Structures are given as structure tokens and as C-alpha cells.
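Under the working numbering, the first residue of the sequence shown carries the number -8, and numbering increases by one thereafter.
No residue lacks a Cβ here, since even glycine has one placed at the ideal position from N, Cα and C.
Model, not experiment: these values are computed from the prediction.
Okay, structure first, notes after.
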Amino acid sequence: MIMEGIRRSIYGIAFGGIITFIAITIVNFTDTNTSVSQIWLYMLCTFVLGIYFGLSSLIFSDNGWSMLIQTIVHFTVSIIVYLIIALSAGWVPLRLFPILLTSFIFIGIYTLNWTGYYLYFKKVEKSMNANLKKKM
């Protein structure tokens, strides 16, 4: 379990690094001036988010919870962690409209990702059941 957590954390850091690279590339090509300390802070925040999302996928492991409970817990903790980091880093201003807007965007992206994974695993399930029927 610990090795799985470390592995998922490393994947999360790698994903955070890719996101940071894309952001720095945009900053570079738009001739935006920014400080090294600000880039460092943003990179740290993307790594923390990457680690969180890498580890939080363990919520969906076989723990006896229903898919609904797993999704509710994962979504609730995820949006709280994201908002804390986004507000702390200054990605989202501490005003009602920006917080609501980023929350709705988060909900939309979360819904798309969840639906995509759900449909993918339903397809895998159907394929596995078809293969089992062929063998019987």
C-alpha cells in the first residue's frame, strides 16, 4: 500500500510538472514578466495538487464503499483541496464570483473525467464478460 502511494505520488508530481511546463511555455511566448519565486510557488502548488490527485485515486480502490460514496468523498475532498491551493496561490481571487466560476469549471471538468472513466470501465467490463462467455 505504501509503495502504491509512492508510485501514485510520483505520477502526480510528473503530471504537475507537465502542467507547470505548459504554463511556463505560455508565459515565455507571451513575454509575460514574472518572478522566479512566483514560478516556484506555482510549481510547488501544481506538485501538491498532483500528489493529492495521485493519492486520492486510492479512494476508488476496493474499500467496501459504494461507487456513489466513493465519488462523493473524492469530489468533496478534491474541490476543497483545489480551492485551498488555488486561493492560497492567488490563482483565484478571494471574491465570490471568481470562486463560484472556478468551482463550476472544476465541477464541469470533474464530471467529464468521471464520465469518461465510467464509460471506459463499462466498456472493459463488457469486453471481459464477452470473453468469459466465449470460454464457457
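{"Asked": "By DSSP, does Trp56 sit in helix, in strand, or in coil?", "Found": "coil"}
{"Asked": "Contact between the stretch 36 to 49 and the stretch 63 to 80 is defined here as three or more beta-carbon pairs at a separation below 8 angstroms; is this criterion met?", "Found": "yes"}
{"Asked": "Going by C-alpha distance, which of Ile10, Ser94 and Ala121 is nearest Leu40?", "Found": "Ile10"}
{"Asked": "Exposed or buried, what is Tyr109 when buried is set at 16 or more other beta-carbons lying within 10 Å of its beta-carbon?", "Found": "exposed"}
{"Asked": "DSSP state of Arg(-1), grouped into three classes?", "Found": "helix"}
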